[in-house]
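Colleague: Submitted below is the structure of interest, expressed as structure tokens.
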Amino acid sequence: MPAQLSFEKVDKYYQKILTKNEKLEMYADVSYSSFSYLVVVRSLVNPTISELASAMDVKKPSASVMVKKLVDMGLLGVERSISDKRVCNLTLSAEGNEVVEMGRSAEDMFFGKVGEILDDNEFEVFSGLWEKITSNLEEDDGK
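Position 72 of the sequence shown, counting from 1, maps to 72 under full-length UniProt numbering, and the rest follow consecutively.
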């Protein structure tokens, strides 16, 4: 693989952005997978574990394990449904929301830097290619 297609420099820069944020030290043990779960919980707005598992394309026991971990970390809450006591809904805690916001901020900073490097036309092409790549990666799931 040509060196120019390596993720190493991109990863180093992204990690540098993340480590510059002092608050992130508190959440250093939040993995990318954990972060992904938090983002999905936020986007689904108080999902059940079954809804979360479906959205994450994982089995319910796997989602349950991650939910327990995130609850133990204080990033998620679990509330019983008033109408059906068998159903639990997931809620982001204030800390969980903060983690999602910090991740979004890091992404904004990263793509802002890319926008500084590229001119407007190049950035438009890059954005289109990025969308094509990421949407196809999601469909493929690494297979």
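The C-beta atom is built at its ideal place from N, Cα and C for all residues, glycine as well.
1. Do you know how far the Cα of residue 95 is from the Cα of residue 130?
2. Please report the distance separating the alpha-carbon of residue 124 from that of residue 102.
3. Taking Cβ to Cβ, would you say residue 46 is nearer than 8 angstroms to residue 75?
4. Suppose the cutoff is 7 angstroms on Cβ atoms and the five residues either side in sequence are ignored; what does the same chain contact list for residue 50 look like?
5. According to DSSP, is residue 134 part of a helix, a strand, or is it coil?
6. Identify, in the order they occur along the chain, each residue of the same chain with its Cβ nearer than 8 angstroms to the Cβ of residue 33, setting aside the five sequence neighbours on each side.
7. Does the Cβ of residue 87 have 16 or more other Cβ atoms within 10 Å, making it buried, or fewer, making it exposed?
8. Can you find a CB in chain B that lies within less than 8 angstroms of the CB of residue 10?
9. Identify which residue in 36, 17, 53, 12 has its Cα closest to the Cα of residue 112.
Modeller: In short, the structure shows the following:
1. Residue numbering aside, residue 130 sits at position 130 when the sequence shown is read from its first letter. Residue numbering aside, residue 95 sits at position 95 when the sequence shown is read from its first letter. One C-alpha to the other measures close to 30 angstroms.
2. If you number the sequence shown from 1, residue 124 lands on position 124. If you number the sequence shown from 1, residue 102 lands on position 102. Spanning the two alpha carbons is a distance of roughly 25 angstroms.
3. Stepping through the sequence shown from its first residue, residue 46 is reached at position 46. Stepping through the sequence shown from its first residue, residue 75 is reached at position 75. No. Outside cutoff.
4. In the sequence shown, the residue the question calls residue 50 occupies position 50. Counting only Cβ-Cβ distances below 7 angstroms, and skipping sequence neighbours, we find 60.
5. The residue labelled residue 134 in the question sits at position 134 within the sequence shown. Helix, per DSSP.
6. Position 33 of the sequence shown, counted from the start, is the residue given in the question as residue 33. Cβ neighbours of residue 33 beyond the five flanking positions: 66.
7. As a position in the sequence shown, residue 87 is number 87, starting the count at 1. With fewer than 16 other Cβ atoms within 10 Å, it is exposed.
8. The chain labelled as chain B is not found in the depicted structure, where only one protein chain is given.
9. Reading the sequence shown from its first residue, position 112 is the one you call residue 112. The residue with the shortest Cα to Cα distance from residue 112 is 17.
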